[in-house]
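First up is the structure itself, then whatever we jot down about it.
2 protein chains.
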Amino acid sequence: MTGHLTDAVEDYLKTIYKLSCSRGRVGTGLIAETLGVTPASVTDMVQRLSGEDPPLLDYAKHQGVALTEGGRKAALETIRRHRLLELFLHQVLGYSWDQVHVEADRLEHVISEEFEERVAEVLGNPRRGLHGEPIPSPGLEMPDREDRYLLEMRPNQRGIVQEVNDDDPGLLRFLESQGIVPGAGFVVLDYSAYDDNLRLRLDGSEAEIVLGASITGQILVEIAEPQAGA
Amino acid sequence: MTGHLTDAVEDYLKTIYKLSCSRGRVGTGLIAETLGVTPASVTDMVQRLSGEDPPLLDYAKHQGVALTEGGRKAALETIRRHRLLELFLHQVLGYSWDQVHVEADRLEHVISEEFEERVAEVLGNPRRGLHGEPIPSPGLEMPDREDRYLLEMRPNQRGIVQEVNDDDPGLLRFLESQGIVPGAGFVVLDYSAYDDNLRLRLDGSEAEIVLGASITGQILVEIAEPQAGA
DNA sequence: ATCATATTTTAGGCTATTCTAATTTTTTGT
DNA sequence: ACAAAAAATTAGAATAGCCTAAAATATGAT
Chain G
217 MTGHLTDAVE DYLKTIYKLS CSRGRVGTGL IAETLGVTPA SVTDMVQRLS
267 GEDPPLLDYA KHQGVALTEG GRKAALETIR RHRLLELFLH QVLGYSWDQV
317 HVEADRLEHV ISEEFEERVA EVLGNPRRGL HGEPIPSPGL EMPDREDRYL
367 LEMRPNQRGI VQEVNDDDPG LLRFLESQGI VPGAGFVVLD YSAYDDNLRL
417 RLDGSEAEIV LGASITGQIL VEIAEPQAGA
Chain D
217 MTGHLTDAVE DYLKTIYKLS CSRGRVGTGL IAETLGVTPA SVTDMVQRLS
267 GEDPPLLDYA KHQGVALTEG GRKAALETIR RHRLLELFLH QVLGYSWDQV
317 HVEADRLEHV ISEEFEERVA EVLGNPRRGL HGEPIPSPGL EMPDREDRYL
367 LEMRPNQRGI VQEVNDDDPG LLRFLESQGI VPGAGFVVLD YSAYDDNLRL
417 RLDGSEAEIV LGASITGQIL VEIAEPQAGA
């Protein structure tokens with residue numbers, strides 16, 4: 217078992233994990249932008265982490281970075297803590313949907329195994345986080361996902377909101393006000409390739425909602441059977 | 217308002233606060249020993265902290281250190297968080313008496329104002345911590361105390377356990393097993409100046425307990441009216 | 001008052017993390 | 001294929017903490 221990882225290292229691993237879920241290997245530039253540091257800092261850190269005894273990163277100059285198995289486990293550990301903490305902050309301390317992220321981002325580096333276990337127990341060992349994200353199991357298995365971005369859906373498809381990006385409080389508040397929360401079912405009414413707008417209606421709602429690409433790219437959905445009739 | 221204080225700075229201030237409660241000004245050696253760093257490191261840090269814009273410490277070479285008003289407030293803020301967290305860990309997450317200290321020591325540097333407030337509310341704005349310590353008010357007022365060390369008590373005095381030093385898990389487990397917890401009433405039966413042993417009996421208990429100086433110096437008590445007779 | 005012992009401070013270094021500026025490598029458009 | 005643009009890397013430096021070893025200062029015992 218690797219000794220203690222610093223906050224910075226955990227942040228790098230978590231970020232690289234998330235980025236490499238969509239794109240495979242990731243460049244230092246993207247990591248830098250996501251983390252809010254310069255590319256030079258990333259190169260530096262990445263070199264250190266790929267030169268450890270059991271390396272956490274797989275890296276060779278100019279070729280983009282990927283996590284090793286050890287790095288992936290460490291990233292999932294941090295992600296598990298983050299998502300448990302978000303749920304905990306909401307359910308036990310009454311934080312709102314959009315407030316939890318920032319606090320969890322600091323606490324995730326500091327809580328003990330013990331704390332994590334107790335929180336999980338108090339919450340009933342949840343599988344999904346506050347924003348619908350899957351929570352890695354205690355053994356750090358991450359469920360395979362079939363989810364797609366809402367952006368990819370086409371007219372007449374039915375779907376269920378699975379997950380909403382947790383790190384933009386303003387967006388979260390807006391989505392909540394529109395009823396777009398994990399579990400919500402909906403039908404896509406229309407899609408405009410011209411401006412990347414998606415018009416949809418939530419189950420049991422009269423109102424239609426129009427969402428642009430910048431929003432629909434942040435929402436993961438499970439696609440249900442296609443709507444009967446055209 | 218001072219910007220953000222690092223974990224290390226908060227630890228220094230907290231330690232200096234506690235040490236200067238008993239002794240007035242404290243030397244670098246004592247601080248170093250308490251904090252587990254070298255005296256040289258303390259000198260270094262102390263010089264930085266006393267040279268800030270609003271200084272947190274009052275210091276001049278070879279003369280011992282004291283907190284300024286700003287330093288005192290910062291220390292009390294950390295102490296408030298620590299004590300609220302200990303209570304929270306116990307009452308909400310089921311930590312035991314002797315487990316809370318270490319976890320609180322890490323969390324205290326990381327939680328937000330918001331977190332502190334919500335925890336205080338969930339706990340009902342408590343005035344005393346898990347081990348009986350007074351909790352600074354939200355406005356950082358610290359109640360004046362009349363408490364004495366158990367060590368100072370003499371035969372036939374009655375007392376009530378007020379506070380037990382929180383940072384030694386083994387000692388805490390022992391004291392709990394003996395019924396010596398905040399709120400417990402007792403009578404001092406005997407005191408031996410020779411070996412600094414104190415024999416006492418808890419209210420409603422048949423058994424007598426003998427405690428040595430190293431223990432009785434860690435327990436604060438409120439002295440009640442003297443025992444009738446004898 | 002003086003010398004031995006204690007404590008405290010200085011000096012010089014190390015690590016982790018970040019930065020800026022300069023350089024190198026890769027990609028891309030033609 | 002090759003120049004221009006984009007991306008990544010190196011080099012050099014800063015900061016916060018910490019350390020060890022050496023020097024300075026206090027204390028206190030006779």
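One line per chain: the protein sequences are G and D, in this order.
Residues 217 to 446 in our numbering are what the first sequence lists, from first letter to last.
Residues 217 to 446 in our numbering are what the second sequence lists, from first letter to last.
Quick reminder that beta carbons are idealized off the backbone N, C-alpha and C, glycines included.
Computed from a predicted structure; not experimentally measured.
Interface annotation, glutamate 302 of chain G: not in contact with chain D, CB-CB separation never under 9 Å.
9 Å or more divides the Cβ of histidine 317 of chain D from the Cβ of glutamate 226 of chain D. Per DSSP, alanine 282 of chain D is one residue of the beta strand (DSSP E) stretching across 281-283. Distances from the CA of isoleucine 431 of chain D to each of D:Ala248, D:Ala320, D:Ile295, D:Glu379 were compared; the closest alpha carbon is that of D:Glu379. Three or more Cβ pairs closer than 8 Å define a contact, and the region 274-287 of chain G meets that threshold against the region 230-245 of chain G. Considering only beta carbons, no part of the region 283-300 of chain G lies closer than 7 Å to chain D.
By the C-beta criterion, the region 346-364 of chain D is judged to be in contact with the region 296-313 of chain D, since at least 3 inter-stretch pairs fall below 8 Å. A contact is defined here as three or more CB-CB pairs under 8 Å, and the region 328-338 of chain G fails this definition with respect to the region 387-406 of chain G. An exposed status is given to glutamate 285 of chain D, since fewer than 16 other beta-carbon atoms sit within 10 Å of its beta-carbon. Under the Cβ criterion of 9 Å, histidine 325 of chain D is counted among the residues facing chain G.
Runs of beta strand (DSSP E) with 3 or more residues, each lying fully within the region 377-433 of chain G, are found at 401-408, 413-418, 424-427, listed in chain order. Between valine 437 of chain D and tyrosine 365 of chain D, the gap from beta carbon to beta carbon is short of 9 Å.
The Cβ atoms of proline 371 of chain D and glutamine 315 of chain D do not sit closer than 9 Å to each other.
Collapsing the DSSP output to three states places glycine 286 of chain G in a helix.
Arg334, Val335, Val338: these are the residues of the region 332-349 of chain D whose beta carbon lies less than 8 Å from some beta carbon of chain G, given in chain order. The CB of valine 308 of chain G comes closer than 7 Å to the CB of Val308 in chain D, given here in chain order.
When only Cα atoms are considered, asparagine 413 of chain G and valine 426 of chain G end up about 6 Å apart. DSSP lists G:Ile376 as the bridge partner or partners of glutamate 438 of chain G. Lysine 234 of chain D is classed as exposed because its beta carbon has fewer than 16 other beta carbons within 10 Å across all chains shown. Sequence-distant partners of tyrosine 311 of chain G (beyond 5 residues in either direction) whose C-beta falls short of 6 Å from its own C-beta, in its chain, are Leu305. Leucine 273 of chain G sits in a strand when the DSSP states are folded into three classes.
By the CB criterion at 9 Å, isoleucine 376 of chain G and glycine 345 of chain G fall outside the cutoff.
Judged by DSSP in its simplified three-state form, valine 253 of chain G adopts coil rather than helix or strand. In the DSSP assignment, histidine 317 of chain G falls within the alpha helix (DSSP H) that extends over 316-323. Residues of chain G whose Cβ lies closer than 7 Å to the Cβ of arginine 322 of chain D are, in chain order, Val326. Counting along the chain, isoleucine 232 of chain G sits inside the alpha helix (DSSP H) bounded by residues 223-238.
With 16 or more other Cβ atoms from the protein chains shown falling within 10 Å of its own Cβ, histidine 347 of chain G counts as buried.
The continuous stretches of alpha helix (DSSP H) do not include glutamate 357 of chain G, and DSSP gives it neither H nor E.
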